[in-house]
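Participant: Chains as they are written, first to last, in full-length UniProt numbering: chain A, 1 to 86; chain B, 1 to 463. Built from N, CA and C at the ideal position, the CB exists for glycine as well. Mind looking over this structure? Questions follow.
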Amino acid sequence: MRIVVDLNKCQGYAQCAFLAPDVFTMHGEEALLYNPHAAEEERAAVARAAAACPVQAITVEGLHEGAPVEPVQVFSGAPWEPRDGR
Amino acid sequence: MAADYVDWLRREGRIVIVGASLAGLRAAETLRAEGFTGSLTLIGDEPYEPYDRPPLSKAVLLGKASPRHTELPRRRHLDAEWRLGVPAAGLDLTGKRVLLADGEEVEYDRLLIATGVRARPWPVAEEAELDGVFVLRTRDDSIALTERLRAGAKRVVVIGAGFAGSEVASACREMGLEVTVAERAGAPLVGALGGVIGAVAADLHLENGVDLRTHVTVTALEGDPMGRVRSVHLSDESVVEADVVVVSLGSLRNTEWLSGSGLGAGPRGIASDAGCRAFDFRGIVTDDVFVAGDVARSPHALFGYQFLSLEHWGNAVAQAETAAHNMICSASDRRPHMWMPAFWSSQFGVNIKSVGVPPMGDELMIIQGSTAERRFVGVYGYKGRIVAGVTFDNARWLEYCQRQIEQGAPFPVEYPTVDRRPEGRKAVPADFPDPSLPTHGPTVTLSGYSPADRRLVFTPGHH
Ligand SMILES: Cc1cc2nc3c(=O)[nH]c(=O)nc-3n(C[C@H](O)[C@H](O)[C@H](O)COP(=O)(O)OP(=O)(O)OC[C@H]3O[C@@H](n4cnc5c(N)ncnc54)[C@H](O)[C@@H]3O)c2cc1C
Ligand code: SF4
Numbered sequence: 001m002r003i004v005v006d007l008n009k010c011q012g013y014a015q016c017a018f019l020a021p022d023v024f025t026m027h028g029e030e031a032l033l034y035n036p037h038a039a040e041e042e043r044a045a046v047a048r049a050a051a052a053c054p055v056q057a058i059t060v061e062g063l064h065e066g067a068p069v070e071p072v073q074v075f076s077g078a079p080w081e082p083r084d085g086r
Numbered sequence: 001m002a003a004d005y006v007d008w009l010r011r012e013g014r015i016v017i018v019g020a021s022l023a024g025l026r027a028a029e030t031l032r033a034e035g036f037t038g039s040l041t042l043i044g045d046e047p048y049e050p051y052d053r054p055p056l057s058k059a060v061l062l063g064k065a066s067p068r069h070t071e072l073p074r075r076r077h078l079d080a081e082w083r084l085g086v087p088a089a090g091l092d093l094t095g096k097r098v099l100l101a102d103g104e105e106v107e108y109d110r111l112l113i114a115t116g117v118r119a120r121p122w123p124v125a126e127e128a129e130l131d132g133v134f135v136l137r138t139r140d141d142s143i144a145l146t147e148r149l150r151a152g153a154k155r156v157v158v159i160g161a162g163f164a165g166s167e168v169a170s171a172c173r174e175m176g177l178e179v180t181v182a183e184r185a186g187a188p189l190v191g192a193l194g195g196v197i198g199a200v201a202a203d204l205h206l207e208n209g210v211d212l213r214t215h216v217t218v219t220a221l222e223g224d225p226m227g228r229v230r231s232v233h234l235s236d237e238s239v240v241e242a243d244v245v246v247v248s249l250g251s252l253r254n255t256e257w258l259s260g261s262g263l264g265a266g267p268r269g270i271a272s273d274a275g276c277r278a279f280d281f282r283g284i285v286t287d288d289v290f291v292a293g294d295v296a297r298s299p300h301a302l303f304g305y306q307f308l309s310l311e312h313w314g315n316a317v318a319q320a321e322t323a324a325h326n327m328i329c330s331a332s333d334r335r336p337h338m339w340m341p342a343f344w345s346s347q348f349g350v351n352i353k354s355v356g357v358p359p360m361g362d363e364l365m366i367i368q369g370s371t372a373e374r375r376f377v378g379v380y381g382y383k384g385r386i387v388a389g390v391t392f393d394n395a396r397w398l399e400y401c402q403r404q405i406e407q408g409a410p411f412p413v414e415y416p417t418v419d420r421r422p423e424g425r426k427a428v429p430a431d432f433p434d435p436s437l438p439t440h441g442p443t444v445t446l447s448g449y450s451p452a453d454r455r456l457v458f459t460p461g462h463h
């Protein structure tokens, strides 16, 4: 499951940290830390957390059982040195 | 005819996106969501599908996430062709072709450029290549740095106390590592938030055991005979022994591949109109080339029509959505990119957030809480108006600040504090460094001149 939280929207109310504590945790009083790549067994908890977020800041892909992530084919075989050749 | 073209484009046109990261992905999703059924190609030089960068200096270093797994969730099916692991090397504006470094060419009817920025490397190449010297921008950078820090380090030196550098220093302290931070200005975050708030950030560093050195520059990195970094030389002639150095000197815009293309692209980014259409080098707007994200700079009506470059996550998302919308709609349906600048950072357990353009402000007022408690709301004023807000552990106030900015609310604020505190009663100079001096701190750059002083009635975009 892939997760991203729009931390501009997030108000730090911690509902997600309460509902899926292995994925979302508060760091200090209101900063949210989360794992963007949650384990499959967290699915139900993450679904509850995303639904409970009062500002709808949590986006999840792969929330539904059997919903495959669209495959991405990497075309170029030869790896390029990212900082050169620009 | 124009309408016919847009209809045709939406049905069977070819759209190419260069830069397959946050802005590129969100634009691709928006194109499909708004009914584009033609062919969609994403070109990215990193051999990875789009991943999120903010966790790399936070959750990843703190052991909460893997540097290999910050892939961005997709909001919908894309049905796109991905060309990953190969950079775009040139652009033929008249032939409407992107040239790839492997010699291939990709033709487009409309192009979106979202090539972002890269970390500014340590300027002395031999020193930058020493083992133990890192930058932090990409997944590969993050993997390398995280592995090294996990293996243990005697001392980490962070060069540059902007947001990224401060976050790295904070995470290292949490990992129990000794950290020295070297900053040219008088305090961390001054380029982004000014000296008053910078002083609060400096206290956070010191309280958390960071050896903070301000008003110094790094003059040299010294290696041992094995090519590993051994020490860092500072302008005050002190020498700090270190086995890890994190260079956090801001970023460079990825526009070199466009040189000679005729597009208005350079070290300050790619200029566009408020509708995300790129300018050519003559300052004439193009019809088929759009820009979004960290690489773009565009005029903002709320901030004197200055061209803003915003290295902000939220800007990349909003600008990508607007660019994508404008790419496939008729002229009368175009929207301006009028996103309210906003960002967050968390360091030393404190949630720092901002809206508006702090570096535009010359005065600051604390309207709630107190800097001594590291829990406050500050607003920045410019020419009698509120232009920005900042909160430390007070995110709930940000919306209020945003409304004040949108309404052009007066500054100084009438009733300064709700819970009256001495420092809240008066506006003080925000204390930004001289903009003509080089800094690496700010992630917002005012890079233009206002064509008009008229204020437009501000209507936020539909995000
Ligand atoms: C460590 C870190 C922490 C951050 N934390 C925050 C935060 O807390 N809050 C916040 O608001 N923002 C934060 N940001 C900034 C945020 O990540 C960026 O604003 C965002 O990534 C911008 O997205 P983008 O798609 O415009 O550009 P980028 O993410 O830079 O993507 C551009 C892509 O284009 C590729 N590319 C470049 N040249 C070429 C070429 N010629 N051909 C093909 N591909 C090319 C690049 O390799 C890259 O993959 C952080 C950034 C970093 C690095
Ligand atoms: S529930 Fe939403 S607002 Fe609350 S901490 Fe989680 S993401 Fe933030």
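1. Which residues does DSSP list as the beta-bridge partners of Arg97 of chain B?
2. Taking Val196 of chain B as part of the alpha helix (DSSP H), name the residues at either end of that continuous run.
3. At least one CB of chain B closer than 9 angstroms to the CB of Ala44 of chain A: is that the case?
4. For Leu61 of chain B and Thr146 of chain B, which I take to be in contact (beta-carbon distance under 8 angstroms), what is that distance rounded to the nearest angstrom?
5. Please decide whether Leu93 of chain B counts as near chain A, where near means a Cβ-Cβ distance under 9 angstroms.
6. Within the present structure, is the beta-carbon of Pro21 of chain A separated from the nearest heavy atom of ligand 2 by less than 8 angstroms?
7. Please state the DSSP three-state secondary structure of Ile17 of chain B.
8. Could you give the distance in angstroms between the alpha-carbon of Ala242 of chain B and the alpha-carbon of Phe163 of chain B?
9. Do the stretch 42-53 of chain B and the stretch 9-16 of chain A touch if we need at least three Cβ pairs shorter than 8 angstroms?
10. Taking the Cβ atom as the reference point for each residue, do Leu112 of chain B and Phe348 of chain B lie within a distance shorter than 9 angstroms?
11. Is Val18 of chain B a contact residue of ligand 1, with contact defined as CB to any heavy atom under 8 angstroms?
12. Could you work out which residue in B:Ala3, B:Ala324, B:Gly19, B:Tyr5 is closest to Thr255 of chain B when comparing CA atoms only?
13. In chain A, which residues lie less than 8 angstroms from Lys64 of chain B when you measure between Cβ atoms?
14. Counting C-beta neighbours from all protein chains within 10 Å, is the total for Trp8 of chain B 16 or more, i.e. buried, or is it exposed?
15. Can you tell me the Cβ-Cβ gap for His27 of chain A and Ser346 of chain B, rounded? I've got them flagged as a contact below 8 angstroms.
16. So, is the C-beta of Ala395 of chain B closer than 9 angstroms to a C-beta in chain A?
17. For the beta strand (DSSP E) that Ile143 of chain B lies in, which residues bound it at each end?
18. Helix, strand or coil for Arg403 of chain B, going by three-state DSSP, please let me know.
19. Please confirm whether Glu30 of chain A has its beta-carbon closer than 9 angstroms to some beta-carbon of chain B.
20. Using a 10 Å radius around the Cβ and a threshold of 16 neighbouring Cβ atoms, would you call Gln56 of chain A buried or exposed?
21. Please list, in chain order, all residues of the same chain as Val200 of chain B whose beta carbon is under 6 angstroms from its beta carbon, the five residues on each side excluded.
22. Give every residue of the same chain whose Cβ lies closer than 6 angstroms to the Cβ of Thr59 of chain A, excluding the five residues on either side of it in the sequence, and list them in chain order.
23. Going along the chain, which residues of its own chain have a beta-carbon closer than 7 angstroms to the beta-carbon of Glu81 of chain A, five neighbours each way excluded?
24. Taking all protein chains shown into account, decide if Ser170 of chain B is buried (16 or more other Cβ within 10 angstroms of its Cβ) or exposed.
25. Report the neighbours of Ala292 of chain B on chain A: residues whose CB is nearer than 8 angstroms to its CB, in chain order.
26. Between the C-alpha atoms of Ala31 of chain A and Trp344 of chain B, what's the straight-line distance to the nearest angstrom?
27. Go through its chain and collect everything with a Cβ distance to Glu321 of chain B's Cβ below 8 angstroms, but skip five positions before and after it.
28. Less than 9 angstroms between CB atoms is the rule here; does Arg48 of chain A satisfy it with respect to chain B?
29. Please report the straight-line C-alpha distance between Gly381 of chain B and Ala161 of chain B, rounded to a whole angstrom.
30. Among B:Ala274, B:Val295, B:Gly293, which has the Cα closest to the Cα of Thr286 of chain B?
31. Apart from the five residues just before and just after Glu183 of chain B, which ones in its own chain have a Cβ nearer than 6 angstroms to its Cβ?
32. Ordered along the chain, which non-local residues of its own chain (more than five positions away) have a Cβ less than 6 angstroms from that of Val247 of chain B?
33. Who are the Cβ neighbours of Gly13 of chain B in its own chain at under 6 angstroms, not counting the five residues just before and after it?
34. Roughly how many angstroms separate the alpha carbons of Pro358 of chain B and Gln404 of chain B, rounded to a whole number?
35. Give the DSSP bridge partners of Asn351 of chain B, in chain order.
36. Hey, is His205 of chain B's beta-carbon within less than 9 angstroms of any beta-carbon in chain A?
Facilitator: Taking the geometry as given:
1. Beta-bridge pairing links Arg97 of chain B to B:Asp92, B:Glu107.
2. 195-207
3. no
4. The C-beta separation of Leu61 of chain B from Thr146 of chain B comes to about 6 angstroms, placing the pair in contact by the 8 angstroms criterion.
5. no
6. no
7. strand
8. The alpha-carbon of Ala242 of chain B is positioned some 21 angstroms away from that of Phe163 of chain B.
9. no
10. Their beta carbons are not under 9 angstroms apart, which means Leu112 of chain B does not touch Phe348 of chain B by this criterion.
11. yes
12. If you compare the alpha carbons of B:Ala3, B:Ala324, B:Gly19, B:Tyr5 with that of Thr255 of chain B, the shortest gap goes to B:Gly19.
13. Thr25, Leu33, Tyr34, Asn35
14. exposed
15. The pair is a contact, with the Cβ atoms about 6 angstroms apart (cut-off 8 angstroms).
16. Chain A, which has a Cβ nearer than 9 angstroms to the Cβ of Ala395 of chain B, makes this yes.
17. Per DSSP, Ile143 of chain B belongs to no beta strand (DSSP E); it is in the alpha helix (DSSP H), 139-150.
18. helix
19. yes
20. By the 10 Å Cβ count, Gln56 of chain A comes out exposed.
21. Setting aside the 5 residues that flank it on each side, Val200 of chain B is surrounded in the same chain by Thr371, each with a C-beta closer than 6 angstroms to its C-beta; the list follows chain order.
22. Val4
23. In this prediction, Glu81 of chain A has a pLDDT of 44, which is less than 50 and means its spatial position is unreliable; what the coordinates show is noted afterwards. Closer than 7 angstroms at the Cβ level, and outside the excluded window around Glu81 of chain A, lies no residue.
24. buried
25. The premise fails here: Ala292 of chain B is roughly 17 angstroms from chain A at the closest Cβ pair, so nothing lies under 8 angstroms.
26. 9 angstroms
27. The beta carbon of Glu321 of chain B sits closer than 8 angstroms to the beta carbons of Arg26, Ala27, Thr30, His463 from its chain, once the five residues preceding and following it are set aside; these are given in chain order.
28. no
29. 24 angstroms
30. Nearest of B:Ala274, B:Val295, B:Gly293 to Thr286 of chain B, Cα basis: B:Ala274.
31. Ala161, Thr214
32. Trp122, Val135, Ile159
33. Contacts found: Gly38, Asp109.
34. 14 angstroms
35. B:Ser346
36. By this cut-off, His205 of chain B is not an interface position.
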